[in-house]
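Basically the numbering used here = 1-based index in the sequence shown + 58.
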Amino acid sequence: MAVYKNKYGLWSIRFKYKDNDNKWRQKQVYTGKSGFETKKEALEKESKVKYDIERKLLKTQEENNQKTLKEVIDEVILDCQYYMKETSIKTTKQALQHAKNLFDKPIVSITSQDLRQIILSLEKKNLSIATIDKIYYKLNLVFKYALENEYIQTNPLRKVRRIKKPDELNQTNYNVWKPSEFQEFIYNVKEPLYYTLFSLLYYTGMRRGEALSLQWKHIDLKKGTINIQQTLSNIHSVKEEVLTPPKTKNSTRLICIPQILINILEKWYQIESQKINFNQEAYVFGFIYPLARNTVHNQFRKHLRIGSKGYGYTYASCLSGKIKIGATVMLDGKVYYNEEKKGGYKEWKIHVKIKDIIDNPYGLNYVVEIALPYLRIHDLRHSCVSLMVNNAKTQQSLVAMAYHFGHSVETMLNTYSHLFTETEQALIQEFDRVIENQSTSIK
């Protein structure tokens with residue numbers, strides 16, 4: 059029924075039409091006392107209303123056809139704000155930058171071949187398969203959104219295969235420090251602030267952002283626990299850091315800490331609690347404001363290296379002579395470090411290896427580098443995981459470890475399976491022992 063007579067004896071308009079989403083809509087106008095006196099007037103108005111609707115739908119469709127990839131990405135980012143953390147939105151933006159060559163292209167004209175070239179270019183940049191997969195997922199997020207909103211009829215990314223390297227050996231590996239190696243490193247960290255921070259990262263396996271967001275109210279030294287409720291994150295730049303909920307739901311947790319760390323934290327608490335206006339709201343590392351993530355990164359690298367570029371020149375002669383502050387000196391197999399202006403040399407309790415020997419007017423110079431395995435600051439977390447994994451005795455230990463590090467058991471296994479070598483060896487040794495005992499009993 060397009061036009062009909064209403065209860066007031068006037069003619070009204072009512073009809074159905076399909077919108078751009080292919081859904082039925084009903085249009086009803088000029089009802090009640092606002093109707094027309096004649097059917098002819100109603101039919102003429104009906105034609106005008108239908109024409110206006112068709113014109114509007116066509117214009118909308120044309121506008122959608124002209125939407126560029128960048129415009130659709132902006133819509134997706136806006137939509138993400140309702141269900142993603144700001145840090146996740148930041149990584150989404152960064153991942154989609156890899157498709158910037160297509161930003162100005164209408165999304166309806168982007169082909170599978172265009173996207174295939176993007177994915178292949180990532181492989182040529184020597185990005186890891188995991189990184190390429192993340193970028194693929196973020197691109198798919200955009201094209202699924204465009205499909206749902208009728209900007210495109212099909213998702214061109216569905217015809218683009220993800221990159222896999224089935225013949226390539228798994229290179230996943232982390233450098234880790236054993237407790238003795240960490241002790242060798244931490245011995246040379248003189249500042250109580252960084253001594254405490256690096257010790258906490260190693261002995262708990264906490265993420266850097268989690269550690270920096272700690273306030274004294276989160277630490278119970280009597281019970282030996284730390285309550286992890288927040289993390290310090292970079293959102294837009296290293297200068298703009300905010301406190302956010304932890305990385306995942308499992309990351310909110312109450313963890314136990316070893317006695318060696320309790321002792322270190324107690325000493326740090328004694329120092330911090332002497333400050334004016336100290337209270338339990340104070341940050342453990344930074345007091346009024348948390349230390350910046352980048353500052354901690356730079357301090358860790360500083361304590362890793364000898365000299366300015368990861369290695370240093372050590373004089374082979376003796377400790378005398380004009381040697382600048384910060385110079386490293388080797389004498390009788392020992393390494394000394396000039397911390398003061400007037401030759402205040404102190405022995406550096408760290409192993410070094412000779413990288414090169416250079417002859418110069420002052421005698422021989424040894425170019426040395428630290429003999430410890432090179433670590434990123436996040437590898438302190440991996441070191442803690444490795445230490446716990448290889449001392450795990452039961453399946454319950456694995457569940458407890460997953461909780462401690464803020465993972466699900468599945469994520470724990472997928473991420474750190476390569477660290478279970480010693481645990482597997484112990485398992486096989488026990489297996490051999492059982493078989494040998496049973497074989498002996500038969501004889």
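Cβ coordinates follow ideal geometry from the N, Cα and C atoms, glycine included.
Query	Result
Can you tell me whether residue 100 is buried or exposed? The criterion is at least 16 other CB atoms within 10 Å of its CB, across all chains shown.	buried
In angstroms, rounded to a whole number, what distance separates the CA positions of residue 94 and residue 83?	23 Å
Verify whether the separation of the beta carbon atoms of residue 190 and residue 168 is less than 7 Å.	no
What residues in its chain sit with their C-beta under 7 Å from that of residue 323, if we drop five residues either side in the sequence?	254, 277 and 279
Starting from residue 345, follow its DSSP beta bridges and name the residues at the other end.	341
Going by DSSP, what residues sit across from residue 73 in a beta bridge?	85
Check whether the Cβ atoms of residue 318 and residue 282 sit closer than 7 Å, and answer yes or no.	no
Which residue wins for smallest C-alpha separation from residue 154, given the options 131, 349, 166 and 80?	131
Starting from residue 284, follow its DSSP beta bridges and name the residues at the other end.	277 and 313
For the beta strand (DSSP E) that contains residue 194, what are its first and last residues?	Run containing residue 194: none in the beta strand (DSSP E); it sits in the alpha helix (DSSP H), 187 to 206.
Going by DSSP, what residue range makes up the beta strand (DSSP E) through residue 61?	61 to 63
One question on the structure: do residue 329 and residue 250 come within less than 7 Å of each other, judged by their Cβ atoms?	yes
Shortest alpha-carbon distance to residue 239 belongs to which of 185, 173, 307 and 260?	260
Just to confirm the assignment, what range does the alpha helix (DSSP H) spanning residue 336 have?	It is not in any alpha helix (DSSP H) - residue 336 carries neither H nor E in the DSSP assignment.
Of the choices 164, 358 and 106, whose alpha-carbon is the least far from that of residue 124?	164
Is the beta carbon of residue 441 less than 7 Å from the beta carbon of residue 234?	yes
Just verifying my parser: in three-state terms, what is the DSSP assignment at residue 161?	coil
Whole angstroms is fine: what's the gap from residue 284's alpha carbon to residue 354's?	20 Å
Assign residue 466 to one of three DSSP states: helix, strand, or coil.	coil
Mapping the DSSP letters down to three states, classify residue 301 as helix, strand or coil.	strand
I need the boundaries of the alpha helix (DSSP H) containing residue 148, first residue and last residue.	144 to 154
Could you compute how far the alpha carbon of residue 469 sits from the alpha carbon of residue 304?	16 Å
Tell me which same chain residues have a C-beta within less than 6 Å of the C-beta of residue 288, skipping the five on either side of it?	271 and 301
Can you give me the start and stop residues for the alpha helix (DSSP H) that residue 359 sits inside?	351 to 362
Would you please state the rounded distance, in angstroms, between the beta carbons of residue 266 and residue 465? I believe it to be under 8 Å.	Not quite, the Cβ-Cβ distance comes to about 16 Å (not below 8 Å), so this is no contact.
Only counting the same chain, and skipping five residues up and downstream in sequence, which positions put a Cβ closer than 7 Å to that of residue 126?	161, 162, 163, 164 and 165
By DSSP, does residue 105 sit in helix, in strand, or in coil?	helix
Rounded to a whole number of angstroms, what is the C-alpha to C-alpha distance between residue 61 and residue 210?	36 Å
Taking the straight line between their C-alpha atoms, what separation do you get for residue 252 and residue 346?	17 Å
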